[in-house]
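Taking it in order: structure first as structure tokens, then the write-up.
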Amino acid sequence: MQLITQSDYEQYIRQKEDGDYIMLLNNLTFSSVFQPIFNQLMQLIGFEALLRIQDEKQNFIRPDRFFADPSHSDEYTLSVEFLSRAIHIRNFSKHYTAKGVKLFLNVMPNSLITMTKDLEYVDRSLLFRRLKQLGMEPSDVTFEVIEELCYQNDDLREAVKVLRSKGFHFAIDDFGAGHSDEKRAVELTPDLIKIDRSYLLSYCAGQQEELLHALKLAQRIGALVIVEGVEEEEQYQAMRELGLEFYQGYHFGRPENIDYWAAQPISLAVNDDRR
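In structure tokens form, the structure reads like this:
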């Protein structure tokens, strides 16, 4: 599967009657949902785009299990991620261009490396052209580097460096899980660290060391912090007392399609340039 030109993508992308973009591939349907991220004033600063996968019987498939399926080739997995990113960007751009709201996109380390192996490719890439066509800038996008193992750490650092020079922002996703650890954070010096829910639960259970260490690390490398997986008011208040910058979780909103969020009376953090 080659994804080089716009027509390559259009083979798999469809627009539903409600305007949402989806992807059809190998009897599977891939769609977008978005979970909001708020600042300390409960103003919206961005959305994390999340993938939903359904088989031909409309049974849901967990994305983590799909991407971990050993029967999928690396090329196939990367292609699915690239196509998923395309529908996320299109759906987001329907409502949130030029409003200061950021789009957070999960990205595998190998995907970042693939995007930037040829520096000339970055300047003429379809991603840059499509963002411009949809009224978006690279600075509207934050790539969340997921907790997947990467054997090419030098290439990953270079990929982050190149894409950051073009205006993109970076976050370490699920810090404290898998390979989203201190070593990766120090090597990539992200703009944001997203604290895994396990650290939140441990902190609220009285085991504070891991979360406090993560906050010190973020301060040391100059990264802001998003705490993920906040589901209860008590958890939110505990994090507020620590002065964390940003919050995400079911307590503030479950993942929904972008039209749902556009219809909600949410205050936008148009002047919050910290992320």
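Numbers in the numbering used here are just positions in the sequence shown, counted from 1, shifted up by 806.
Glycine is no exception: its CB is placed at the ideal position from the N, C-alpha and C atoms.
Keep in mind the model is a prediction, meaning the values are calculated, not measured.
CB contact flag (residue i, residue j, <9 Å)
i	j	result
L1007	F976	no
I1032	E1051	yes
I952	F981	no
S1073	L909	no
P827	N897	Residue 827 is actually Tyr in this sequence, not Pro. Taking 9 Å as the Cβ cut-off, Y827 and N897 qualify as a contacting pair.
R858	P869	yes
E993	N959	yes
A904	G941	yes
S837	Q817	no
M807	E881	yes
According to DSSP, residues forming a beta bridge with residue i
i	result
T835	L830, Q860
P842	F853
K1000	I1032
V951	V913, I978
K908	G852
E758	Nothing can be reported for residue 758: it is not among the residues displayed for the chain, which extend from 807 to 1081.
I919	Its beta-bridge partners do not exist; DSSP assigns none.
F1052	N845, I1032
I867	I859
I819	M829
Rounded straight-line distance, which links the Cα of residue j to that of residue i
i	j	result
T811	M1045	45 Å
K822	P996	36 Å
Q1025	L1018	11 Å
T948	M921	15 Å
I893	R936	11 Å
Q1070	K900	15 Å
E1047	E1038	15 Å
Y1009	A1020	12 Å
E854	G906	14 Å
Q1013	S1004	11 Å
I819	A1011	45 Å
Y1066	R1060	11 Å
G825	N833	21 Å
D875	S986	20 Å
R990	F873	21 Å
E926	Q939	Low local confidence applies: a pLDDT of 48 at E926 is under 50, so the model's placement there is unreliable, and no value is given.
E1016	L1030	17 Å
L1023	H878	36 Å
S945	F974	5 Å
M856	G1049	First, the residue type needs correcting, since residue 856 is Leu and not Met in the sequence shown. The straight-line gap from Cα to Cα measures roughly 27 Å.
L847	S813	43 Å
Same chain, Cβ closer than 6 Å to residue i, five either side skipped, listed in chain order
i	result
Y1042	V1036, H1057
L932	none
L831	Y818
Own chain partners of residue i with C-beta closer than 8 Å, once the 5 adjacent residues on each side are dropped
i	result
V928	Unreliable placement is indicated for V928, whose pLDDT of 45 sits below 50; the coordinate value is still reported in the next sentence. Closer than 8 Å at the Cβ level, and outside the excluded window around V928, lie M921, T922, F934, V968, L969, K972.
L918	F949, V951, L962, A965, V966, L969
A1068	K900, H901, Y902
I867	L834, I859, Q860, D861
A983	E953, D1002, S1004
Assumed close pair residue i, residue j - CB separation to whole angstroms, cut-off 8 Å
i	j	result
Y815	L889	7 Å
N845	A1075	5 Å
E954	P915	6 Å
F840	I978	At roughly 20 Å, the Cβ-Cβ gap does not stay under 8 Å, so F840 and I978 are not in contact.
Q1054	E1040	About 17 Å; that fails the 8 Å criterion.
Same chain, Cβ closer than 7 Å to residue i, five either side skipped, listed in chain order
i	result
I1027	A991, V992, T995
R891	L911
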